[in-house]
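In what follows, a structure is listed as structure tokens, so that the remarks can point back to it.
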Amino acid sequence: MIDTGQAREGNNSLPPHSALMLVAVMPSPRDLEIARVLGWYRIPFRFAPKIIQVDYLAFYQPSSFGKEHANLIEYYSEVRGIELAKRREIIRDEPNHPRAEEEYYKIQLGPLKALPVPIRAGKWKRITFLYTTGELFARAQLLNDLVVKSEERKVLWLSLREKAGKSELYSGVDFPETEIPPDVLALLGDLGQINEQQDQYRAI
């Protein structure tokens, strides 16, 4: 298990404005229950963002959550640790799953916290991952409000890069200092690229 050096928060507070956040799709109500009861969330290694070393996750609920709860962010959680494991090691009651031997990031979570007012999708109905900040998250009403503005993206990238550099997960990985990688740019608000993976990602 790798300690992420998570941000501090009060029991009922939103993430600090300085928090690095990753909005991630919660594939199904069952996965949300796993996060709530067992305290973890999984991301297939092959679909994972370049850097998952963040302070908090916020969970986007797709159509599988039904009419009243679909296309919303209702919950978020502090990240407390990350490990890399095979699916069969994470979900032991599905040893014969087609992806049983695939590697996943298992992200240990703090308690799930409900937003007082959910963040709505607006025009964005499909999303897999999106980087944002605690400051944007605190005032967002729509998903589009979470998009980091172009002039602030380099600052966010340098913060992500610094956090990754302190983690054993990225030992030996050399991230560019000034040029933001295209796949990271895609997770800073390029809607066309964000949409591509969601259908594949739901069957994890």
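In terms of the working numbering, the sequence shown opens at residue 3 and continues consecutively.
A virtual CB, placed ideally from N, CA and C, is assigned to each residue, including glycine.
### Query
Does DSSP classify S79 as helix, strand or coil?
The residue given as residue 79 occupies position 77 in the sequence shown. Three-state DSSP puts S79 in a strand.
### Message
Let me confirm a value: V230 is counted as buried when at least 16 other C-beta atoms fall within 10 Å, else exposed. Which label applies?
### Response
Any property of residue 230 remains undetermined from this structure, which presents the chain solely from 3 to 206.
#### Entry: Own chain residues within Cβ distance below 8 Å of F47, not counting five before or after
Numbered from its first residue, the sequence shown carries residue 47 at position 45. Excluding sequence neighbours, F47 sits near L86, E104, E105, Y106 and Y107.
### Query
Three or more C-beta pairs closer than 8 Å, one from the region 151-170 and one from the region 54-69: is that the case here?
yes
### Message
Does the contact criterion of 3 or more C-beta pairs under 8 Å hold for the region 122-131 versus the region 71-87?
### Response
yes
#### Entry: Selection from E96, I109, E137 and N146 that minimises the alpha carbon distance to V81
Counting from one through the sequence shown, the residue named residue 81 turns up at place 79. The shortest C-alpha separation from V81 is found at I109.
### Task
For Q8, name the three-state secondary structure that DSSP assigns.
Position 6 of the sequence shown holds residue 8. Its pLDDT being 44, under 50, Q8 is placed unreliably by the model, and the measurement read from it follows with that caveat. Three-state result, Q8: coil.
### Message
Measuring only the C-alpha atoms, how far is I129 from R44?
### Response
In the sequence shown, residue 129 corresponds to position 127, counting from 1. In the sequence shown, residue 44 corresponds to position 42, counting from 1. Approximately 16 Å between the Cα atoms of the pair.
### Query
Which whole-angstrom value describes the C-beta separation of L132 and L189, a residue pair presumed to lie in contact below a C-beta threshold of 8 Å?
Counting from one through the sequence shown, the residue named residue 132 turns up at place 130. Counting from one through the sequence shown, the residue named residue 189 turns up at place 187. Indeed, because the Cβ distance is near 6 Å, the residues count as touching under 8 Å.
### Query
Does the beta-carbon of A37 have 16 or more other beta-carbons within 10 angstroms, so that it is buried, or is it exposed?
Locating residue 37 in the sequence shown gives position 35, where the first residue counts as 1. Burial call: buried.
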